[in-house]
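Just below is one structure, and these are the notes that go with it.
In UniProt numbering, the protein residues as written are 1 to 226.
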């Protein structure tokens, strides 16, 4: 750990552990032993335990009875399967949304697309805070489209398929170039939905998901190569 956290608050411990996991300081499947973490961060075990529970809720950590906590792992095969499902489900949702989305939802999509393109967030947010904001804004963008498909079962399937840890990883690894590509897809999707072009909305959404998949796989492979 680069810097010890003297604060006993679970939120500070949570942010520190979360950053370390995203940066790869703790490897996939690595055990997170409460006693060791408490000693390393100079806090009691209580905030460590609370922080691990918060990390489990985000999907970054898995906690098993009698085994404790470990960093959640995703293989390349996992990524292929997850993103293939996302492409099918979110593509279908976009097709349905093209004829069902309302003006308020469209306006919010355009608003989010514009906000995600802004370059000045770094003046107000730390890198960690910016990633959390981007993950939230991206999740809202995709969530609006899933809801606009007006099929609750489809929306629930999408929610269960999207793996938040992979989304966090992607945004953490993104370079400015990847952000530009992602933002371009968001505007293309919003434009197709506004035009009521169901076929284009589905195609662009699938391309957007596959672009994300390929990037995450490249990053995972580079990570594995050290």
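All C-beta atoms in this analysis are idealised placements derived from N, C-alpha and C, irrespective of residue type, glycine included.
Quick caveat: nothing in here was measured; it's all calculated off a predicted structure.
**Item:** Cβ-based burial, residue 176 [other Cβ within 10 Å; buried from 16]
**Value:** exposed
**Message:** For residue 219, which residues in the same chain have their Cβ closer than 8 Å to its Cβ, ignoring the five residues on either side in sequence?
**Reply:** 169, 170, 173
**Message:** According to DSSP, simplified to helix, strand and coil, what is residue 218?
**Reply:** helix
**Prompt:** What do you get for residue 27, buried or exposed, if any count of 16 or more other CB atoms within 10 angstroms of its CB means buried?
**Reply:** exposed
**Prompt:** What residue does the beta strand (DSSP E) around residue 63 start on, and which one ends it?
**Reply:** 61–64
**Request:** Take residue 93 and list the residues in its own chain whose beta-carbon comes closer than 8 Å to its own, dropping the five residues that flank it on each side.
**Result:** 145, 146, 148, 149, 151, 154, 155, 158, 205
**Prompt:** Rounded to a whole number of angstroms, what is the C-alpha to C-alpha distance between residue 7 and residue 185?
**Reply:** Confidence in residue 7 is poor, its pLDDT being 43 and thus under 50, which makes the residue's placement too unreliable to answer from.
**Exposed unless 16 or more other CB atoms sit within 10 angstroms - verdict on residue 17** = buried
**Request:** For residue 32, I'd like the list of residues in its chain whose CB is within less than 8 Å of its CB, leaving aside the five on either flank, ordered along the chain.
**Result:** 17, 26, 52, 61, 68, 69, 70, 71
**Prompt:** For residue 96, does the count of other Cβ atoms within 10 angstroms reach 16, so buried, or fall short, so exposed?
**Reply:** buried
**Message:** I need the DSSP call for residue 71, collapsed to helix, strand or coil.
**Reply:** strand
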